[in-house]
Structures are given as structure tokens and as C-alpha cells.
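K.L.:
Just so we're aligned: the sequence shown equals residues 0 to 462 in numbering that gives the first Met the number 0.
Glycine included, every Cβ here is placed at the ideal spot set by N, Cα and C.
From a predicted model like this one, the values you see are computed outputs, not experimental measurements.
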Amino acid sequence: MPPKSSKNAPHFGHSSQQDFNKYKIKANSLGIHSRQFSRNALTVVEKLNRHGYEAYIVGGCLRDLLLGKTPKDFDVATNARPEQVQAIFQRQCRLVGRRFRLAHIMFGRDVIEVATFRASHSSHHSENHAKQSEQGMLLRDNVYGTLEQDAERRDFTVNALYYSPKENLIYDFYHGIDDLKAGKLSLIGDPITRYQEDPVRMLRAIRFMAKLDMFLDKASDKPIRELAPLLKNIPPARLFDESLKLLQTGAGVKTYQLLREYHLFEQLFPALMPYFTEKGDSFAERMVFTALNSTDERIADNLRVNPAFLFAAFFWYPLREKVDILKNEGGLNNYDAYALASNEILDLLCGALAAPRRHTAVVRDIWLLQLQLLKRTGKAPERLIAQPKFRAAYDLLAMRAEIEGGESIELVKWWHEYQFSNTQQRDDLVHEQNKITPNPKKRSYRARRKQRKTTTASNKAAN
Ligand code: ATP
Ligand code: MG
Numbered sequence: 000m001p002p003k004s005s006k007n008a009p010h011f012g013h014s015s016q017q018d019f020n021k022y023k024i025k026a027n028s029l030g031i032h033s034r035q036f037s038r039n040a041l042t043v044v045e046k047l048n049r050h051g052y053e054a055y056i057v058g059g060c061l062r063d064l065l066l067g068k069t070p071k072d073f074d075v076a077t078n079a080r081p082e083q084v085q086a087i088f089q090r091q092c093r094l095v096g097r098r099f100r101l102a103h104i105m106f107g108r109d110v111i112e113v114a115t116f117r118a119s120h121s122s123h124h125s126e127n128h129a130k131q132s133e134q135g136m137l138l139r140d141n142v143y144g145t146l147e148q149d150a151e152r153r154d155f156t157v158n159a160l161y162y163s164p165k166e167n168l169i170y171d172f173y174h175g176i177d178d179l180k181a182g183k184l185s186l187i188g189d190p191i192t193r194y195q196e197d198p199v200r201m202l203r204a205i206r207f208m209a210k211l212d213m214f215l216d217k218a219s220d221k222p223i224r225e226l227a228p229l230l231k232n233i234p235p236a237r238l239f240d241e242s243l244k245l246l247q248t249g250a251g252v253k254t255y256q257l258l259r260e261y262h263l264f265e266q267l268f269p270a271l272m273p274y275f276t277e278k279g280d281s282f283a284e285r286m287v288f289t290a291l292n293s294t295d296e297r298i299a300d301n302l303r304v305n306p307a308f309l310f311a312a313f314f315w316y317p318l319r320e321k322v323d324i325l326k327n328e329g330g331l332n333n334y335d336a337y338a339l340a341s342n343e344i345l346d347l348l349c350g351a352l353a354a355p356r357r358h359t360a361v362v363r364d365i366w367l368l369q370l371q372l373l374k375r376t377g378k379a380p381e382r383l384i385a386q387p388k389f390r391a392a393y394d395l396l397a398m399r400a401e402i403e404g405g406e407s408i409e410l411v412k413w414w415h416e417y418q419f420s421n422t423q424q425r426d427d428l429v430h431e432q433n434k435i436t437p438n439p440k441k442r443s444y445r446a447r448r449k450q451r452k453t454t455t456a457s458n459k460a461a462n
């Protein structure tokens, strides 16, 4: 059943071909040509068409092309069922997904995702669907549907555009093109219902605002702050994936500011909240900002970014606080305090966002390396610089120096010089350090001897 609001409601069902035609736009008139699409995506569509199925290129790639940006990936939507897609592409096709099955067509490393048209639950059942369950989350949306129904279940109008290479037409059922031109993000249907069905749509709204420099229309904007807590119902592994898309796609700082403004950041990182202040200038807050800023710069320079680094930075100050407590109140030594505090902080982090173990292991390394960076004598620097995570650890140290000032500034300068020196210069640098700080092992040996002497002396005296 179509949504009530007239703005968002193309009336299908009894529509004639003429009605349907008004949603079609000549692609060329919008500057869209088939050569802009990936050859593989076009091949998939053509092959499906040849077998008598409808098939379109859909979603983010069309939106990005219309904005003059380079799409990340190309998705295909079709009325062929996954098994039918498999029958056509055979060994080139893999069926994936439990909740709803998707076909992946493999072209070497390139994968084209083919989704069968789906209908939203509510278009099959009553309009009161959202009221039926307390939180209104869609647990099942594997009902197959028509092209129009497939458009209706998509999130934003600008994401519900379909390109037919065969006809060289774009299908735009919800004024997506107009919205795109206006820079407007507008949810299809009733925003509250759509956020309730899938609260991740709130995060997607922020992501597109930041990345594509668009604004949210009033109706889609208004409910977010109140509905933000619904994100608690999303599996932490999905939230982790989503958080990387939010923070590691080049507009991290802007995304962060928006997430805070819309009260969504605390849903992703509740453990950071105690460190946040009214002025926004606590060490932890400055670290979040600094780390995101550097991530954005790296992405702009086409450098690789490591998710573990971001999390190590975000939680560095909470970690430090925990370490101090464990040392002062628990009487632990520095090393044990770090190890235990790392576990506790990572548990907190993963309660909301399930970071995979391969990432948390690196976070732990980066933290422990902060301790090792203090050792500049003997063979320690040589060993440290050969560690795979040295560079990430050094970067974190540099950010700490920027935020805290104090002793770490000298330390960063030293390590900077060490990295860019030749062997002889490195030896000299370490030699200097050996003079300032005698090798701790030797010192303790000397100290022990001294102690032994004094004890023997006092024993003698006692005799
Ligand atoms: P990106 O540039 O990040 O890939 P995208 O819009 O292509 O952006 P995808 O996650 O690749 O995002 O999703 C592809 C399409 O699937 C979207 O354009 C949208 O039409 C639809 N879609 C994705 N997630 C949702 C959702 N949570 N609710 C409704 N529709 C969605
Ligand atoms: Mg996409």
C-alpha cells in the first residue's frame, strides 16, 4: 500500500503505462551515459535482460554519478529470483546472505551485487505495521516485490534511482533527481516509521550529509534525537561496520560533529561520554578530533587508514585513567596495569560496537607500544622501530604531544630524528640517551650490589 503523504506517493497498482512513463527520464538529458558505468555491471544487466528479466543499475552509484563523483561500487536490481540469477551465471555466481539472499557475480576481484526486487513489510500488511511491535524494527524484509515496491523500501529518495542501459532511461519514482539538485536528503515514506524499521538509517543520513554535503529535510531531521536510542537494538557487529563507513570515508570530522549534534555519537561510543565536556575541549575530545582530522588528511592524500589506530586514539585517555586507578588503588605495576586496563576498555568499546579481534589486537599493540616508546637506551629503539605497528604508535605519541604538551614533545622529536637518521646517527642518538639514563638493568645491578654491601656492612656492625 502506498504511503499516505502525497509528496512521497506515486500511485501504482492501477496505474496505466502512461502514468508509469512519467517516472522515466532520458539519461542523456541528465548527463548520464552508459560508458560511465562499470563494464561488469552492464554485462550483468544485459545478460539478465537477454534472459527476459528486468534489470537496472541502482542506488548509490547513480546518485554519485549524478553528483559528478566516482562511485564506489555498482549494484544491480532485478525481478529474477536469486536461483534464477544463479542459473544464468552459474559458477560465476555466489548466493550470499541469510536474511535476504543476494547474488554476487564475480569478475575476478570485482563483485557485482544483484538483489531481487523486494517489497517492504508494510506494503504487504497493514499500514499500522509500525504500531504493532513496540519498537517497529523490521526483522524480516525478504518479501519479493515489483520494481515500484523495491523503490519504496529504499531509504532516501536520492538512493531510489534506477538506470536502464537498454532503454537509456532513469526511473525516478520519488523526485530523487529534484532532491539531488537541491542537495536534499529526504526519507521515502513516514520518517518515524522508516527510522523505527531500521535505526541504522539515522546513521546513513549523517553519513550522506557529511560525505555528499547535503541537508536533511525537516521531516527526516526532526525525529532523530528522540529515536537515537533505538540504535541499541542493532547488532554491535553491524554498528562497527557502519562506524567505519562513517569515520573513515574522508569526512570524519564533519561526521563526528553531526553525530554529536544529533546525539548519535553516544550510541556508538557510550564509554567516551564521561570524558565529554560542555566546552568540548577535554583531552579525550581533542584526541577524537585530532585523530579524525589526521584520518581525513590521509584519505585526501590517498594513504591507507587503519581502523585500529582510530580506536586506539579515541580510547587512549580513558585507558590512561583506568591505568592510574589500577596502579594507585590496585597496587599493580605499570605493565600489568596497562594489560588489564586494555582488556577492560576494549570490553567497554565492544559492548556497543563489536570490533573484530584482528582490530582489537592491534589496538592493544598500539597502546603497549606507548610504554616501549619511553625506552631509548641500548637495543630497545632498534627493536622497536622494526615492529609493524611502530608507525601507528609513533603517530599516537605525536598526537598526545600535541594535546598534552610537556615531556612527550621532546620524546616525539627524538623519535622523529631517530626514524630519519642513518645507522651511525642512530647509534649516536642512543649513546646520548645511555649517558642521560644509564641502562636500567645495569643500574639495578649496581643498586643491588650497593644494597648487598650495605647489608653486609650493617650485618657486620650488628655482629
Ligand atoms: P555508498 O556510497 O556508501 O555505497 P549506498 O547508498 O550505495 O552508499 P549501500 O549500503 O551500498 O549504500 O546500499 C545500496 C542501496 O541500498 C542504497 O542506495 C539504498 O537504495 C539501499 N539501502 C541500503 N541500506 C538501506 C537501508 N538501511 N534501508 C533502506 N535502503 C537501504
Ligand atoms: Mg553502494
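Compute the Euclidean distance between the alpha carbons of P235 and K165, then round it to the nearest angstrom.
P.N.:
So the alpha carbons of these two residues sit roughly 41 angstroms apart.
K.L.:
Assess contact between the stretch 273–284 and the stretch 310–323, defined as three or more Cβ pairs (one per stretch) separated by less than 8 angstroms. Is contact present?
P.N.:
In short, these stretches touch, since the Cβ pair count reaches three.
K.L.:
Specify, as a first and last residue, the run of the beta strand (DSSP E) that S163 falls within.
P.N.:
L160 to S163 is the extent of the beta strand (DSSP E) around S163.
K.L.:
Could you work out which residue in T192, S163, A114 and A150 is closest to N48 when comparing CA atoms only?
P.N.:
Ranking the options by Cα distance to N48, first place goes to S163.
K.L.:
Could you check whether the Cβ of R34 sits closer than 7 angstroms to any heavy atom belonging to ligand 1?
P.N.:
Checking the Cβ of R34 against ligand 1 gives no.
K.L.:
Quick check on this structure: which residue in R108, G96, A150 and L368 has the alpha carbon closest to the alpha carbon of V57?
P.N.:
Checked all of R108, G96, A150 and L368; the closest Cα to V57 is A150.
K.L.:
In terms of residues, what are the limits of the alpha helix (DSSP H) holding M136?
P.N.:
Element bounds for M136: n/a, residue is neither H nor E.
K.L.:
Only counting the same chain, and skipping five residues up and downstream in sequence, which positions put a Cβ closer than 7 angstroms to that of L348?
P.N.:
Same-chain partners within the cutoff: A270, F310, F314 and A354.
K.L.:
Regarding N158 and ligand 1, is the C-beta to nearest heavy atom distance less than 7 angstroms?
P.N.:
Indeed, a heavy atom of ligand 1 lies less than 7 angstroms from the Cβ.
K.L.:
Is the beta carbon of P222 closer than 8 angstroms to that of Y255?
P.N.:
The answer is no: Cβ separation not under 8 angstroms.
K.L.:
Is any heavy atom in ligand 1 found nearer than 7 angstroms to the beta carbon of R153?
P.N.:
Checking the Cβ of R153 against ligand 1 gives yes.
K.L.:
Excluding the 5 residues flanking R479 on each side, which residues of the same chain have their C-beta closer than 6 angstroms to its C-beta?
P.N.:
Residue 479 lies beyond the stretch modelled for the chain, which goes from 0 to 462, so this question has no answer here.
K.L.:
Have a look at F419 and L257 and give me their C-alpha separation to the nearest angstrom.
P.N.:
About 39 angstroms.
K.L.:
Going by the DSSP bridge assignment, what does A114 pair with across the sheet?
P.N.:
DSSP, once it has assigned bridges, lists A76 as partnering A114.
K.L.:
Please go through the stretch 335–375 and give each complete beta strand (DSSP E) segment of 3 or more residues, from N-terminal end onward.
P.N.:
Runs of the beta strand (DSSP E) inside the stretch 335–375: none found.
K.L.:
Between L383 and F389, which are expected to be in contact by the criterion C-beta below 8 angstroms, what is the C-beta distance as a whole number of angstroms?
P.N.:
Indeed, because the Cβ distance is near 6 angstroms, the residues count as touching under 8 angstroms.
K.L.:
For D72, is the beta carbon positioned less than 7 angstroms from some heavy atom of ligand 2?
P.N.:
Indeed, a heavy atom of ligand 2 lies less than 7 angstroms from the Cβ.
K.L.:
Could I get the ranges of all uninterrupted alpha helix (DSSP H) runs contained in the stretch 6–61, with 4 residues as the minimum, in chain order?
P.N.:
You should have 16–20 and 38–49.
K.L.:
Under the criterion of a Cβ to heavy atom distance below 7 angstroms, does F197 qualify as lining ligand 1?
P.N.:
The sequence given here has Asp at residue 197, not Phe. Yes; taking the cut-off as 7 angstroms, the Cβ of D197 has a heavy atom of ligand 1 nearer than that.
K.L.:
Is it true that the stretch 175–195 meets the stretch 37–52, where meeting means three or more beta-carbon pairs spaced less than 8 angstroms apart?
P.N.:
No, the stretch 175–195 is not in contact with the stretch 37–52.
K.L.:
Have a look at V157 and Q424 and give me their C-alpha separation to the nearest angstrom.
P.N.:
So the two alpha carbons sit approximately 58 angstroms from each other.
K.L.:
Contact defined as beta carbons within less than 8 angstroms: I believe A385 pairs with L372. What is the distance between those atoms, to the nearest angstrom?
P.N.:
Rounded, the Cβ-Cβ distance is 14 angstroms, inconsistent with contact.
K.L.:
So, using beta-carbon positions, are L118 and Q148 closer together than 8 angstroms?
P.N.:
Correcting the residue identity first, residue 118 is Ala in this sequence and not Leu. In contact: A118 and Q148 (Cβ atoms closer than 8 angstroms).
K.L.:
CB-CB under 7 angstroms to V304, same chain, minus the five flanking residues each way: which ones, in chain order?
P.N.:
Only Q247, T294, R297 and I298 meet the Cβ criterion.
K.L.:
I'd like to confirm something about G175: is its beta-carbon nearer than 7 angstroms to some heavy atom of ligand 2, or not?
P.N.:
False, no ligand heavy atom lies under 7 angstroms from that Cβ.
K.L.:
Assign M213 to one of three DSSP states: helix, strand, or coil.
P.N.:
M213: coil per DSSP, three-state reduction.
K.L.:
What does DSSP give as the partner residue(s) for D109 in the beta ladder?
P.N.:
Beta-bridge pairing links D109 to F106.
K.L.:
Between G58 and ligand 2, is the CB less than 7 angstroms from at least one heavy atom?
P.N.:
Yes; taking the cut-off as 7 angstroms, the Cβ of G58 has a heavy atom of ligand 2 nearer than that.
K.L.:
Can the beta-carbon of L61 be found less than 8 angstroms from the beta-carbon of L160?
P.N.:
Yes, these two residues count as a Cβ contact at 8 angstroms.
K.L.:
For I233, name the three-state secondary structure that DSSP assigns.
P.N.:
Of the three classes helix, strand and coil, the one that applies to I233 here is coil, per DSSP.
K.L.:
Counting only the same chain and skipping the five closest in sequence on each side, list residues whose C-beta sits under 7 angstroms from that of V464.
P.N.:
Given a span of 0 to 462 for the chain in the structure shown, any question on residue 464 remains unanswerable.
K.L.:
Measuring only the C-alpha atoms, how far is D18 from D178?
P.N.:
Distance between the alpha carbons of D18 and D178: 21 angstroms.
K.L.:
In the DSSP assignment, find the beta strand (DSSP E) that holds V157 and state where it starts and stops.
P.N.:
Note, V157: premise wrong, no beta strand (DSSP E); not H, not E.
K.L.:
Out of R34, G405 and R206, point me to the one whose CA is closest to G249's CA.
P.N.:
Here the closest residue by C-alpha is R206.
K.L.:
What is the rounded straight-line gap between the Cα of Y170 and the Cα of K25?
P.N.:
So the two alpha carbons sit approximately 9 angstroms from each other.
K.L.:
Would you list the one or two residues that DSSP bridges to I169?
P.N.:
According to DSSP, I169 bridges with I24 and Y162.
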